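Here is the structure we will look at, set down as structure tokens.
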Ligand SMILES: [Zn+2]
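Residue numbers (the working numbering): 11 to 383.
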């Protein structure tokens, strides 16, 4: 039912079209044309200008013939990381690669093509199903600006599957951490390091003192913390006045996230007070956690669907955030599904054609499970 060659052709043609965060116009227009070719309407929201891009999020509604079946949404993003311009895809032994000078952008065009093919098959077969919504987001790879600005009420569905996970089809990601970023500016007092060091307050020493007393790395099974950058000082003969530090905390548990952020903030504030320096600290909540119970129907539908393809479902947690987190924060029961892409965000990225095809079959199988109730 899923047409392998048609999927490969569509994937290759979309991959060859340039796209990047905030500049998804060409690939979006290609997707809109494909959708219209299926007799469906593509609605673009109005966020392009407000996020400084040239394209909004696109919603496609596929009306079902089973009014009592809940609506279900599938989502994928239209942008890609760099180097992702001028991609020349190649096929070797039923695996699709780039030519080695760019990424492949299976992240996330594999998901895009899987959604499109599934809907095309539903149209061709006239299968009975409930309402289906497709969401194509923009600017996922640069701060998830598309999904952050997306009006959730444009989706009727309570459950959304984000076709944006790496690895073999069959992985069902029901947990992903929330993330907060902490930006710290420590201001000490400059002085000549040789003539009058006692008149200075070393911002570097304050930062070192603070960081040395912090719990970092893996805090517990669902929480991590990292001091990622530190910049400061001007020369060896000056007691450094300024240091800037960037840190992040991730946790699948929002309370633990808050507690760890407080631990970091308190550490810098205490060290600054001890040394007579000043600490200016900004905390940004980057995205909320995605946390769906393993016995939620959204997980069960996906599990049954994976099994129906003869595959072994793996319900698992990830350490990364995605559009799924953002929509989870807006009340959508969000699940991330693996689409078969490998080594994403690298020039070695590839996808097996078998996996590309299985992803479309999985979308169809989920639609079938939802219809079964
Ligand atoms: Zn992605």
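Glycine is no exception: its CB is placed at the ideal position from the N, C-alpha and C atoms.
These figures come from a predicted structure and were not determined experimentally.
In its chain, beyond the 5 residues on either side, 190, 192, 259 and 293 have a beta carbon closer than 7 Å to the beta carbon of residue 271.
If you draw a 10 Å sphere on the C-beta of residue 344, you find 16 or more other C-beta atoms in it, and that means buried.
Within the DSSP bridge table, the entry for residue 194 names 255 and 291 as partners. Taking a cut-off of 8 Å for Cβ pairs, the segment 158-167 and the segment 329-347 touch, as three or more such pairs fall below it. In this structure, residue 168 has its beta carbon at no less than 7 Å from each heavy atom of ligand 1. The DSSP assignment places 52-54, 68-72 and 82-87 as complete runs of the beta strand (DSSP E) inside the segment 11-90, in order along the chain (cut-off: 3 residues).
Residue 146 carries a strand assignment under DSSP once its states are collapsed to helix, strand and coil.
Apart from sequence neighbours up to five positions away, the residues of its chain that approach residue 18 with a beta-carbon distance below 8 Å are 101, 106, 363 and 366, ordered along the chain. Three or more Cβ pairs closer than 8 Å define a contact, and the segment 167-180 meets that threshold against the segment 75-89. Taking non-hydrogen atoms of ligand 1 into account, the C-beta of residue 150 is found less than 7 Å away from one of them. Look at residue 354 here: in three-state DSSP terms it is coil, with no helix or strand label. Those residues that bring their Cβ nearer than 5 Å to a heavy atom of ligand 1 are 117, 118 and 174. Going by beta carbons, residue 113 and residue 93 fall inside the 8 Å limit. Note that the C-beta distance between residue 361 and residue 371 is not below 8 Å.
Per DSSP, residue 377 is not a residue of any beta strand (DSSP E); the alpha helix (DSSP H) it occupies stretches across 363-382. Annotated three-state conformation of residue 203 is coil, per DSSP.
The secondary-structure analysis by DSSP pairs residue 237 across a beta bridge with 257. Taking C-beta atoms as the reference points, residue 242 and residue 211 fail to come closer than 8 Å. With respect to the C-alpha of residue 205, the residue from 249, 302, 235 and 182 having the closest C-alpha is 249. Where residue 209 is concerned, there is no enclosing alpha helix (DSSP H), because DSSP gives it neither an H nor an E. The continuous alpha helix (DSSP H) containing residue 130 extends over residues 116-135.
At a Cβ-Cβ threshold of 8 Å, residue 368 and residue 319 count as neighbours.
In terms of Cβ geometry, residue 59 and residue 148 do not form a close pair [threshold 8 Å]. Here residue 237 has 221, 226, 255 and 257 as same chain residues with Cβ atoms under 7 Å from its own Cβ, once five neighbours each way along the sequence are excluded.
Annotation for residue 326: the continuous beta strand (DSSP E) segment containing it runs 324-327. Residue state for residue 228 is assigned as strand, using DSSP reduced to three classes. By the Cβ-count criterion, residue 331 is buried, with 16 or more other Cβ atoms from all chains shown falling within 10 Å of its own Cβ. Taking 8 Å as the cut-off, the Cβ atoms of residue 346 and residue 80 do not count as close. In this chain, the beta strand (DSSP E) harbouring residue 184 covers 181-186. Relative to residue 133, the option among 20, 288, 29 and 47 whose CA is nearest is 47. Within the same chain, 336 come within 7 Å of residue 158 by CB-CB distance, once the 5 residues on both sides are set aside. Membership of residue 155 in any beta strand (DSSP E) is not indicated; the residue belongs instead to the alpha helix (DSSP H) covering 155-158. In the same chain as residue 98, and ignoring 5 residues on each side of it, the C-beta atoms closer than 6 Å to its own belong to 109, in chain order.
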